[in-house]
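*Asks:* Numbering (the working numbering), first residue to last: 4 to 336.
The structure is given below, and queries will be raised subsequently.
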Ligand code: ADP
Ligand code: MG
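Take a look at the structure:
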């Protein structure tokens with residue numbers, strides 16, 4: 004997928020101003036706070052951020068596995084929150100998810116045929132020998148063999164198990180696959196194979212991905228557009244290479260600096276020693292103003308009082324930071 008000019012075609016998926024609050028043990032957890040996303044057809048949008056920043060909650064909201072406190076989700080022009088049960092059932096075929104441990108929720112004594120073939124039964128797509136044929140086709144597509152059909156899922160290595168998870172996600176011939184930390188538990192070499200498999204499947208099948216990981220390098224490799232999340236909000240968004248070469252939001256800067264390959268120097272010769280300092284605040288008591296200000300080396304008085312909105316900065320990117328409010332950018336850089 005070449006990251007060319009933005010298309011005017013309606014996106015396959017769009018989320019607007021998603022908010023999700025959980026009530027948990029007498030407190031309110033603000034897991035997601037005003038997240039908007041657009042995923043064009045055949046493209047990959049990446050979500051990156053520390054653990055607890057709300058990525059998985061966005062994933063579940065996107066697929067309507069969870070209802071938002073407020074906000075809007077549309078898939079191929081259909082408002083998911085207003086979709087009827089029947090509409091939703093039809094749409095579920097078209098949106099799938101791959102987890103970090105896709106087989107973890109399945110019975111380890113389940114055969115591959117049943118693990119991959121289950122969605123075919125649930126959605127009444129194929130049964131009997133047609134189902135077996137379809138599962139074989141899916142296995143071959145993800146680099147497994149028909150001889151794997153009757154093996155049990157617990158007999159597979161992590162990478163092979165992930166291939167089974169991907170085959171299962173592909174069973175219903177979806178348009179969108181949400182990958183939630185799908186490669187995070189794998190060794191680096193296996194991870195690379197899996198990323199390349201996902202890319203190949205994307206170009207063969209025209210898939211769109213919402214690709215979630217806490218590892219910036221992985222997201223950069225996969226995504227046409229990267230969204231950096233911090234405490235339930237997108238703080239910076241843009242083309243991966245540009246964003247990594249020249250991060251605007253101080254939080255993105257910290258994440259990039261912490262990558263081993265970027266230390267110890269930047270292209271301009273300045274040392275890059277900053278690692279994300281401190282811990283993120285709790286989503287049940289986020290700081291006032293900019294949620295990042297207690298950890299931000301550039302925080303100003305205004306940052307403690309007023310939450311910055313996500314708005315356009317240079318190079319088609321957006322950042323939520325008062326340093327880049329109109330007219331301030333030149334003096335801040
Ligand atoms: P990430 O995937 O980025 O690690 P999550 O979306 O899983 O983040 O979680 C975001 C925040 O919401 C965390 O503080 C988490 O504890 C909280 N959270 C997630 N799901 C629930 C839930 N069902 N009830 C209460 N809090 C939740
Ligand atoms: Mg998660």
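Note that beta-carbon positions come from the ideal geometry of N, C-alpha and C, so glycine has one too.
(1) Are residue 49 and residue 229 close, meaning C-beta to C-beta below 7 Å?
(2) Buried or exposed: which applies to residue 58, given that a residue is buried once 16 or more other Cβ atoms fall within 10 Å of its Cβ?
(3) Taking Cβ positions, are residue 99 and residue 180 nearer each other than 7 Å?
(4) What's the gap between the Cα of residue 164 and the Cα of residue 303?
(5) Quick check on DSSP: helix, strand or coil for residue 102?
(6) If the criterion is Cβ atoms closer than 7 Å, does the pair residue 24 and residue 75 meet it?
(7) Quick one: what's got a C-beta closer than 6 Å to residue 185's C-beta in the same chain, skipping five residues either side?
(8) Out of 210, 322, 206 and 292, point me to the one whose CA is closest to residue 256's CA.
(9) By alpha-carbon positions, which one of 133, 187 and 310 ends up nearest to residue 220?
(10) Any heavy atom of the ligand ADP closer than 6 Å to the CB of residue 37?
(11) Looking only at its chain, what residues have a beta carbon closer than 6 Å to the beta carbon of residue 270, apart from the 5 residues adjacent to it on each side?
(12) Is residue 1 near the ligand ADP - that is, is its Cβ less than 6 Å away from at least one heavy atom of it?
(13) Among 127, 121, 128 and 210, which one has its Cα closest to the Cα of residue 167?
(14) Taking the beta strand (DSSP E) that residue 113 falls in, what are its first and last residues?
(15) Look at the Cβ atom of residue 310, then the Cβ atom of residue 292, and state whether they are nearer than 7 Å.
(16) With 16 as the cutoff for other CB atoms within 10 Å, does residue 178 come out buried or exposed?
(17) What did DSSP end up calling residue 223 once you bin it into helix, strand or coil?
(18) Give me the Cα-Cα distance between residue 276 and residue 324, rounded to the nearest whole angstrom.
(19) State whether the segment 104-123 contacts the segment 146-154, with contact taken as three or more CB pairs (one from each stretch) at a distance under 8 Å.
(20) Say whether the segment 81-92 touches the segment 130-142, bearing in mind that this needs 3 or more beta-carbon pairs closer than 8 Å, one atom from each stretch.
(21) Please name the residue in 202, 53, 62 and 30 whose C-alpha comes closest to that of residue 38.
(22) At which residue ranges does the segment 191-239 contain complete alpha helix (DSSP H) runs of 4 or more residues, listed in the order of the chain?
(23) From what residue to what residue does the beta strand (DSSP E) around residue 49 run?
(24) Given a cut-off of 7 Å on the beta-carbon distance, is the pair residue 251 and residue 145 in contact?
(25) Just the C-alpha distance for residue 147 and residue 119, rounded to the nearest angstrom, thanks.
(26) Residues in its own chain within less than 8 Å of residue 34 by CB, not counting five upstream and five downstream?
(27) If we count the other Cβ atoms within 10 Å of its Cβ and call it buried at 16 or more, is residue 207 buried or exposed?
(28) Considering only DSSP beta bridges, list what residue 183 is partnered with.
(29) Count the other CB atoms within 10 Å of the CB of residue 226; is the residue buried (16 or more) or exposed (fewer)?
(30) Taking DSSP as the reference, what is the three-state secondary structure of residue 20?
*Replies:* Judging by the given coordinates:
(1) yes
(2) buried
(3) yes
(4) 48 Å
(5) coil
(6) no
(7) 101
(8) 322
(9) 187
(10) no
(11) Summary for residue 270: the model assigns pLDDT 49, below 50, so the residue's position carries little reliability, and this model does not support an answer.
(12) Because the chain is modelled from 4 through 336, residue 1 falls outside the range shown and cannot be assessed.
(13) 121
(14) It is not in any beta strand (DSSP E) - residue 113 carries neither H nor E in the DSSP assignment.
(15) yes
(16) buried
(17) helix
(18) Low local confidence applies: a pLDDT of 43 at residue 276 is under 50, so the model's placement there is unreliable, with the coordinate-based value given in what follows. Whole-angstrom Cα-Cα distance: 21 Å.
(19) yes
(20) no
(21) 62
(22) 191-208 and 219-225
(23) 47-51
(24) no
(25) 12 Å
(26) 23, 24, 25, 57, 60, 235 and 286
(27) exposed
(28) 215
(29) buried
(30) strand
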